[in-house]
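Worksheet: the structure to be examined is printed underneath.
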């Protein structure tokens, strides 16, 4: 593309030289033979002079025409590059001048719009629903004034159609207004005034409405947030009230149980001095324990709901705990075998909570095993796999995993029930259902809260079982639960 | 009179040992009588009170060695009573409660009571815990806050340690073991003693309980658990707590 300046120069030159060239051509054709050499010399000189003159004029004209254009271009370049400090060059009141003026206006509008958008975007970022609607209204008013250069602004909440529109009076400050909405729901309006001389065109109004929409959503969020915060407080109060209530219920149930237990203990103690204590006293003690465990189970469920179990991990041997839980159950007549292969490894968990789990598993085995032999195996398993290893092998690896397997040889658990066994109140479909139906649910949650797990082992029958053990030898367990817990080696150090 | 040695504590006339004095506070009259009888049968010197106000009145006349308080009582509940008692004298308190460690009030108990026993309690367990707290009576800590080095300080009163500026909470067992060690700063405490201090109420507790707990404790409070500077193992004997100075 040939530059504008060169084209103007070429046009002036051609305009200056074309007539002379035409005269020369005519002379050549009309007076060839007797041509006077001096005519040609004069013509050549005139041509050269015209060319030089034309060139000079062309340079001047092109310069005067393109200089303001170039200045304008440079100024626009600066604006595009972000420099807004230098004003556009003042031009004469002609076509070029008007062009420059319009350009200047556009550039000014662009800058103003940039500032407005930047202010609006900034404002949107600072609107946190946590700070509440009042604070948001204050912020939005300040932002609207700054962004749109308003003399005054306020936010009126309520139905926008109830807010009277202000007439525009020439010479008075210009009333402006945009409705606040959250979606389709009207919330109010931003109203205010721009100065009488301010430019307020369609784009300003559009941007103000956009801003109003953002404020509307912000107000709605603040309102919702306040409602949620309020509900949270109420829920916490309710939770605390429920906690208090349960604590009271627990106390009122446990106190008579404690009294029964203490009296039974004392009677048993007196009788023991005279010989064998009455078995009926042991039953009273066992059953009162059983009741108090059920009360605790209900309390635990309530804590699971509020997500506070707070296990306090201590070390303890699982074997003795299982033995003690079995004795507390008082299930005389049910054959019981405890096979402790932990190699002295200790579980690391909350002993009280794990007691609840062990007790629930044993209680289940008695309830649903139908008097069949119950076998509990405590064994050390590797952390990464399922292979039973000796204590010495695992010792090198540091920590390990202990597994408690509680198995009975009863009718087993129907496949349909296996899935929902760990759900709340899941006892319904099980044979001989009694109790709260919370035992397995609570037990699994407790095991998991203590970093372990509780699962129902796959059905194993007869010799096909994966694991050898006394239960397998007696025909295979029909229901076996395994509780896993992290373990520590019993080494001094 | 032949008392079982577990109920005897130093401080009797003529430098002899005497049975421990317990104050039992419970609004349940029947339980109060039964428990008092059980405790008396085991050789303790037992006084009883039906509520907190009566308990405070009794404290004006004589100080027991240990107070057993029921948590839920009319007029003055167990925790408030425990606070009142602590404000008057540093008496060890065991709270009897229907709540357990997972309860939100359990932290309150930690603040005011040496220990708590969940109702319905088993008498042998309760007795074991009473004895465990009594055994600690002879122990005197060097101070509220025991600075063991630039990066470690113990505040056993609130079951916490400060490790490199960070607060680390201790389990009841951990703080009981540290209490026994801190009361004998720089001296080796036998593993058997630590078993008794830590697990008096646990059947089958043996030295491995101490070993594992110490290992865990080191990871919690030692700046470098692999090269312990404060919790020192004396192989085959026990453990010793040391400050950086010793």
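Chains as they are written, first to last, in this note's numbering: chain A, 1 to 493; chain B, 1001 to 1246. Idealized CB from N, CA, C, for every residue including glycine. Predicted model only: the values in this text are computed from it and were never measured.
(1) Measuring CA to CA, which of 75/A, 345/A, 235/A, 83/A is closest to residue 104/A?
(2) With a Cβ-Cβ cutoff of 8 angstroms, do residue 1210/B and residue 1194/B count as a contact?
(3) Beta-carbon within less than 8 angstroms of residue 1247/B's beta-carbon, same chain only, minus the 5 sequence neighbours each way: which residues are those?
(4) Let's see if you can read the secondary structure: which residues bound the alpha helix (DSSP H) around residue 1080/B?
(5) Have a look at the DSSP bridge pairing and note the partners of residue 211/A.
(6) Rounded to the nearest angstrom, what separates residue 69/A and residue 21/A at their Cα positions?
(7) Which residues of chain B have a Cβ atom closer than 7 angstroms to the Cβ of residue 265/A, listed in chain order?
(8) Ordered along the chain, which non-local residues of its own chain (more than five positions away) have a Cβ less than 7 angstroms from that of residue 1207/B?
(9) Which residue from 350/A, 348/A, 281/A, 375/A puts its Cα closest to that of residue 326/A?
(10) Which residues in the same chain as residue 1112/B place their Cβ atom closer than 7 angstroms to its Cβ, once the five residues preceding and following it in sequence are excluded?
(11) Please list the residues of the stretch 1206-1220 of chain B that have a C-beta atom closer than 7 angstroms to any C-beta atom in chain A, keeping them in chain order.
(12) For the candidate residues 1142/B, 1073/B, 1076/B, 1227/B, whose alpha-carbon lies nearest to that of residue 1184/B?
(13) Is it buried or exposed, residue 343/A, if we count other Cβ atoms within 10 angstroms and call 16 or more buried?
(14) Per DSSP, what kind of secondary structure is residue 1230/B in: helix, strand or coil?
(15) So, is residue 1/A buried or exposed, given that buried needs 16 or more other C-beta atoms within 10 angstroms?
(16) When you check each C-beta in the stretch 1029-1055 of chain B against every C-beta of chain A, which residues fall closer than 9 angstroms?
(17) State the DSSP-derived secondary structure class of residue 1174/B, mapped to helix, strand or coil.
(18) Straight-line CA distance for residue 261/A to residue 322/A?
(19) Look at residue 456/A and residue 443/A and say whether their C-beta atoms are less than 8 angstroms apart.
(20) Between which two residues does the alpha helix (DSSP H) holding residue 1204/B run?
(21) Is residue 1064/B helix, strand or coil when you go by DSSP?
(22) Is the Cβ-Cβ distance between residue 53/A and residue 11/A less than 8 angstroms?
(23) Taking the straight line between their C-alpha atoms, what separation do you get for residue 161/A and residue 144/A?
(24) Checking contacts by CB at 8 angstroms: is residue 250/A closer than that to chain B?
(25) Leaving out the 5 sequence neighbours to the left and right, which residues in its chain are closer than 6 angstroms to residue 1045/B when beta-carbon positions are compared?
(26) If we cut at 8 angstroms on Cβ distances, does residue 1204/B have a partner in chain A?
(27) Do residue 1027/B and residue 1073/B have their CB atoms nearer than 8 angstroms?
(28) Got a sec? Which residues, its chain only, sit under 7 angstroms from residue 445/A by beta carbon, not counting five neighbours each side?
(29) My understanding is that residue 1121/B touches residue 1156/B, with C-beta atoms under 8 angstroms, so please give their C-beta distance in whole angstroms.
(30) Can you name the residues that DSSP bridges to residue 311/A?
(31) Could you tell me if residue 40/A is buried or exposed, where buried requires 16 or more neighbouring beta carbons within 10 angstroms of its beta carbon?
(32) As a quick exercise: from 147/A, 223/A, 249/A, 224/A, pick the residue whose alpha carbon is nearest that of residue 200/A.
(33) Look at residue 8/A and residue 62/A and say whether their C-beta atoms are less than 8 angstroms apart.
(34) Which of the three DSSP states is assigned to residue 64/A in this structure?
(35) Using a Cβ-Cβ cutoff of 9 angstroms, what residues of the stretch 1065-1096 of chain B are near chain A? List them in chain order.
(36) Which stretch, first to last residue, makes up the beta strand (DSSP E) that contains residue 494/A?
Taking the geometry as given:
(1) For residue 104/A, the nearest C-alpha among the options comes from 75/A.
(2) Judged by beta-carbon spacing, residue 1194/B lies within the 8 angstroms limit of residue 1210/B, meaning their Cβ atoms are closer than that value.
(3) Only positions 1001 to 1246 of chain B appear in this structure, which leaves residue 1247/B out of reach.
(4) The continuous alpha helix (DSSP H) containing residue 1080/B extends over residues 1078-1088.
(5) Beta bridge pairing from DSSP links residue 211/A with no other residue.
(6) For residue 69/A and residue 21/A, the gap between their C-alpha atoms comes out near 33 angstroms.
(7) In chain order: 1123.
(8) Leaving aside the five residues that flank residue 1207/B on each side, the residues in its chain whose CB is nearer than 7 angstroms to its CB run, in chain order, 1191, 1195.
(9) If you compare the alpha carbons of 350/A, 348/A, 281/A, 375/A with that of residue 326/A, the shortest gap goes to 375/A.
(10) Excluding residues within five positions, the ones whose Cβ falls inside 7 angstroms are 1079, 1082, 1083, 1086, 1093.
(11) Residues of the stretch 1206-1220 of chain B that bring their beta carbon within less than 7 angstroms of a beta carbon in chain A comprise 1208, 1209, 1211, 1212, 1213, 1215, in sequence order.
(12) Just measuring C-alpha positions, the residue of 1142/B, 1073/B, 1076/B, 1227/B sitting nearest residue 1184/B is 1142/B.
(13) That one is buried.
(14) Coil.
(15) Residue 1/A should be labelled exposed.
(16) Along the stretch 1029-1055 of chain B, going in chain order, the ones with a CB nearer than 9 angstroms to a CB of chain A are 1030, 1031, 1034, 1035, 1037, 1038, 1041.
(17) Reduced to three states, the DSSP call for residue 1174/B is helix.
(18) Going from the Cα of residue 261/A to the Cα of residue 322/A covers about 21 angstroms.
(19) It is not a contact, given that the beta carbons lie outside the stated cut-off.
(20) Looking at the DSSP string, residue 1204/B is not in any alpha helix (DSSP H), and its letter there is neither H nor E.
(21) For residue 1064/B, the three-state secondary structure derived from DSSP is coil.
(22) Their beta carbons are not under 8 angstroms apart, which means residue 53/A does not touch residue 11/A by this criterion.
(23) In this model, residue 161/A and residue 144/A are separated by some 21 angstroms (Cα to Cα).
(24) So, interface residue.
(25) Close CB contacts of residue 1045/B within its chain, under the 6 angstroms cut and outside five residues either way in sequence, are with 1019, 1021 (chain order).
(26) For residue 1204/B, the answer is yes, since a Cβ of chain A falls inside 8 angstroms of its Cβ.
(27) Yes, they are a contact pair.
(28) Taken in chain order, the residues that qualify are 304.
(29) Residue 1121/B to residue 1156/B, Cβ: 25 angstroms. No contact.
(30) Residue 311/A is not bridged by DSSP to any residue.
(31) By the neighbour-count criterion, in which a residue is buried when 16 or more other Cβ atoms sit within 10 angstroms of its Cβ, residue 40/A is exposed.
(32) Selection 147/A, 223/A, 249/A, 224/A evaluated against residue 200/A yields 147/A as nearest (Cα-Cα).
(33) Going by C-beta atoms, residue 8/A is nearer than 8 angstroms to residue 62/A.
(34) In this structure, residue 64/A counts as helix in the three-state DSSP scheme.
(35) So the list reads 1070, 1071, 1072, 1096, given in the order they occur along the chain.
(36) What the structure shows of chain A is the stretch from 1 to 493, and residue 494/A is not part of that stretch, so it cannot be assessed.
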